[in-house]
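Participant: Taken in sequence, the protein lines are chains X and A.
Quick note on numbering: the first sequence equals residues 6 to 161 in this note's numbering.
Quick note on numbering: the second sequence equals residues 6 to 161 in this note's numbering.
By construction, the Cβ of each residue, glycine as well, lies at the ideal position given by its N, Cα and C atoms.
Predicted model, so just to flag it, every value in this text is computed and none were measured.
There are 2 protein chains.
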Amino acid sequence: MIVEEMTVEESRALLARASSGRLGCSLDNQPYIVPICLAYERDHIYVFSTFGRKIEWMRLNSKVCIQTDEIITPSDWASVIADGQYQELSEPKFESDRAHARELLEKRSQWWLNALAERRQESHSDLSIEPLFFRIKVDSITGLRARTEKEGSGGG
Amino acid sequence: MIVEEMTVEESRALLARASSGRLGCSLDNQPYIVPICLAYERDHIYVFSTFGRKIEWMRLNSKVCIQTDEIITPSDWASVIADGQYQELSEPKFESDRAHARELLEKRSQWWLNALAERRQESHSDLSIEPLFFRIKVDSITGLRARTEKEGSGGG
Chain X
6 MIVEEMTVEE SRALLARASS GRLGCSLDNQ PYIVPICLAY ERDHIYVFST
56 FGRKIEWMRL NSKVCIQTDE IITPSDWASV IADGQYQELS EPKFESDRAH
106 ARELLEKRSQ WWLNALAERR QESHSDLSIE PLFFRIKVDS ITGLRARTEK
156 EGSGGG
Chain A
6 MIVEEMTVEE SRALLARASS GRLGCSLDNQ PYIVPICLAY ERDHIYVFST
56 FGRKIEWMRL NSKVCIQTDE IITPSDWASV IADGQYQELS EPKFESDRAH
106 ARELLEKRSQ WWLNALAERR QESHSDLSIE PLFFRIKVDS ITGLRARTEK
156 EGSGGG
């Protein structure tokens, strides 16, 4: 098995195919990870998620990362990480951006949105439910890929 | 769909079943996420992984988190997060702990270890390869679970 760095182009392509991943945020250098639905477009990753401490944390520290992967077998996988800045899509200022985020995410995550809709109807107790849309302004994207055979590697 | 907090016992049980997850670490409040193999036992999560900036970062900031989940459908899933402290299992001081970590992880992650072994034989270039074993001293474990029907919830 060979592990190689992916090019920025390859990493972007993987991120563009992804509809879910993990968001990492940090407060007082304590990291936190939460599963998310995502849609990548040009310089932004649009995120749909629910309640939780992540929003509170990202308001205090906007430095975040998003990780996603495609694992076919233990020796055939790729993992991409994007570093960036949290941008809240608050209304009314970001109304058009929120609508755009929703449109992008609906294409990829219809089942999550349906599930949330159900949950909003059914739930009267338990945790508070708020549909959260935000975006990450991407600063950098890197990726690693494993495969069993070298393909034209020039290493020595 | 209802989302509920899991009890510590339920969260521990999920973590004990898991053989893989994501590690989050942080430096200067920039978070970083990497996929890992893991084995949970009492107060520690033993981790097998490979090269990368995470080790460098965890040496500088030992506050980390580990996230793992069981996703059956979009409305039937559970996600657990453990916060804790990085502990390097350096030799010779931690030789017996390293051996214990390897034994635990071999049971769960034989294919990863095999893949690494292959990789060590085959690779002469590309990224440097070092089998890394470390553990996380767990401080807290929390979990969230979604399901479609309430089961004896007393909320109102």
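Of the choices A:D74, A:I7 and A:S31, whose alpha-carbon is the least far from that of E61 of chain A?
Facilitator: The count along the second sequence starts at 1 and reaches residue 61 of chain A at position 56. The residue with the shortest Cα to Cα distance from E61 of chain A is A:S31.
Participant: Give me the chain A residues within the contact set of R27 of chain X, using Cβ-Cβ distance strictly less than 7 Å, ordered along the chain.
Facilitator: Here the question's residue 27 of chain X lines up with position 22 in the first sequence. Going along chain A in sequence order, the residues near R27 of chain X (Cβ under 7 Å) are R27, I38 and Q72.
Participant: Quick check on this structure: which residue in X:D144, X:D48 and X:V52 has the alpha carbon closest to the alpha carbon of L110 of chain X?
Facilitator: Reading the first sequence from its first residue, position 105 is the one you call residue 110 of chain X. Residue X:V52 is the option with its Cα nearest to L110 of chain X.
Participant: Can you tell me which of the three DSSP states S130 of chain A falls into?
Facilitator: By 1-based counting over the second sequence, the position of residue 130 of chain A is 125. For S130 of chain A, the predicted structure reports a pLDDT of 45, less than 50, and the residue's modelled location is therefore unreliable. A value from the coordinates is still provided. Here S130 of chain A sits in coil by DSSP.
Participant: At the 8 Å Cβ level, is Q35 of chain A part of the contact set with chain X, yes or no?
Facilitator: For the purposes of this step, residue 35 of chain A is identified with residue 30 of the second sequence, where counting begins at 1. Yes, contact with chain X.
Participant: Based on the DSSP output, what are the partners of V143 of chain A in its beta bridges?
Facilitator: Taking the first residue of the second sequence as position 1, residue 143 of chain A is located at position 138. DSSP output for V143 of chain A lists A:G89 as bridge partner(s).
Participant: By the three-class DSSP mapping on this structure, what secondary structure does A44 of chain X have?
Facilitator: Within the first sequence, numbered from 1, the residue matching residue 44 of chain X stands at position 39. Looking at A44 of chain X - three-state DSSP - the assignment turns out to be strand.
Participant: Give the straight-line distance between the Cα atoms of D131 of chain A and I77 of chain X, rounded to the nearest whole angstrom.
Facilitator: As a position in the second sequence, residue 131 of chain A is number 126, starting the count at 1. As a position in the first sequence, residue 77 of chain X is number 72, starting the count at 1. Low per-residue confidence applies at D131 of chain A: pLDDT is 45, beneath 50, and the placement is therefore not dependable enough to give any value.
Participant: I86 of chain X versus chain A: which residues are under 9 Å apart at the beta carbon?
Facilitator: As a first step, residue 86 of chain X must be located in the first sequence, where it is residue number 81. Result: Y37, I38 and V39.
Participant: Can you pull the chain X neighbours of V69 of chain A, defined as C-beta to C-beta under 9 Å?
Facilitator: Within the second sequence, numbered from 1, the residue matching residue 69 of chain A stands at position 64. Those within 9 Å of V69 of chain A in chain X are Q35 and P36.
Participant: If you reduce the DSSP assignment to three classes, tell me which class K68 of chain X lands in.
Facilitator: Your numbering for residue 68 of chain X matches position 63 in the first sequence. In this structure, K68 of chain X counts as strand in the three-state DSSP scheme.
Participant: Leaving out five residues before and five after F139 of chain A in sequence, what residues of the same chain have Cβ atoms less than 6 Å from its Cβ?
Facilitator: Within the second sequence, the letter at position 134 stands for residue 139 of chain A. Once the five neighbours on either side are set aside, the close Cβ partners of F139 of chain A are V52, E93 and L94.
Participant: Kindly say whether S24 of chain A, judged by its beta-carbon, lies nearer than 8 Å to any beta-carbon of chain X.
Facilitator: On the second sequence, residue 24 of chain A is found 19 positions in, with the first residue counted as 1. No - not a single Cβ of chain X is within 8 Å of the one on S24 of chain A.
Participant: Indicate whether at least one CB of chain X lies closer than 8 Å to the CB of S162 of chain A.
Facilitator: Past the boundaries of the shown model lies residue 162 of chain A; chain A is included only from 6 to 161, so the question cannot be answered.
Participant: Rounded to whole angstroms, what's the CA-CA distance from N34 of chain X to R107 of chain X? Just pull it up for me.
Facilitator: Translated into positions along the first sequence, residue 34 of chain X becomes position 29. Translated into positions along the first sequence, residue 107 of chain X becomes position 102. Approximately 31 Å, taken between the alpha carbons.
Participant: Taking DSSP as the reference, what is the three-state secondary structure of D102 of chain A?
Facilitator: For the purposes of this step, residue 102 of chain A is identified with residue 97 of the second sequence, where counting begins at 1. Three-state DSSP puts D102 of chain A in a helix.
Participant: Less than 8 Å between CB atoms is the rule here; does S31 of chain A satisfy it with respect to chain X?
Facilitator: Looking up residue 31 of chain A in the second sequence gives position 26. Cβ-Cβ to chain X under 8 Å: yes for S31 of chain A.
Participant: For L5 of chain X, does the three-state DSSP call read helix, strand or coil?
Facilitator: Residue coverage of chain X in this structure runs from 6 to 161, which leaves residue 5 of chain X outside it and unanswerable.
Participant: Taking the CB atoms as reference points, tell me whether A179 of chain X and R150 of chain X lie closer together than 8 Å.
Facilitator: Outside the displayed span of chain X (6 to 161) sits residue 179 of chain X, for which this structure offers no information.
Participant: Measuring only between beta-carbons, confirm whether D131 of chain A sits less than 8 Å from chain X.
Facilitator: The residue you call residue 131 of chain A lines up with position 126 of the second sequence. Any reading at D131 of chain A needs caution, since the residue's pLDDT is 45, under 50, leaving its predicted position unreliable; the model's value is listed next. It does; some Cβ of chain X falls within 8 Å.
Participant: With three or more C-beta pairs closer than 8 Å as the rule, is the stretch 12-21 of chain A touching the stretch 35-51 of chain X?
Facilitator: Because the criterion of three Cβ pairs below 8 Å is not met, the stretch 35-51 of chain X and the stretch 12-21 of chain A do not touch.
Participant: From H105 of chain X to L137 of chain X, what does the alpha carbon distance come to, in whole angstroms?
Facilitator: Mapped onto the first sequence, residue 105 of chain X falls at position 100. Mapped onto the first sequence, residue 137 of chain X falls at position 132. Their backbone Cα atoms lie some 13 Å apart in a straight line.
Participant: Excluding sequence positions up to five away, which residues of its chain have a Cβ less than 7 Å from the Cβ of P36 of chain A?
Facilitator: Counting from 1 along the second sequence, the entry for residue 36 of chain A is found at position 31. Here the set comprises G29.
Participant: Quick one: what's got a C-beta closer than 6 Å to D144 of chain X's C-beta in the same chain, skipping five residues either side?
Facilitator: What you label residue 144 of chain X is simply residue 139 of the first sequence in a count that begins at 1. Excluding sequence neighbours, D144 of chain X sits near D88 and G89.
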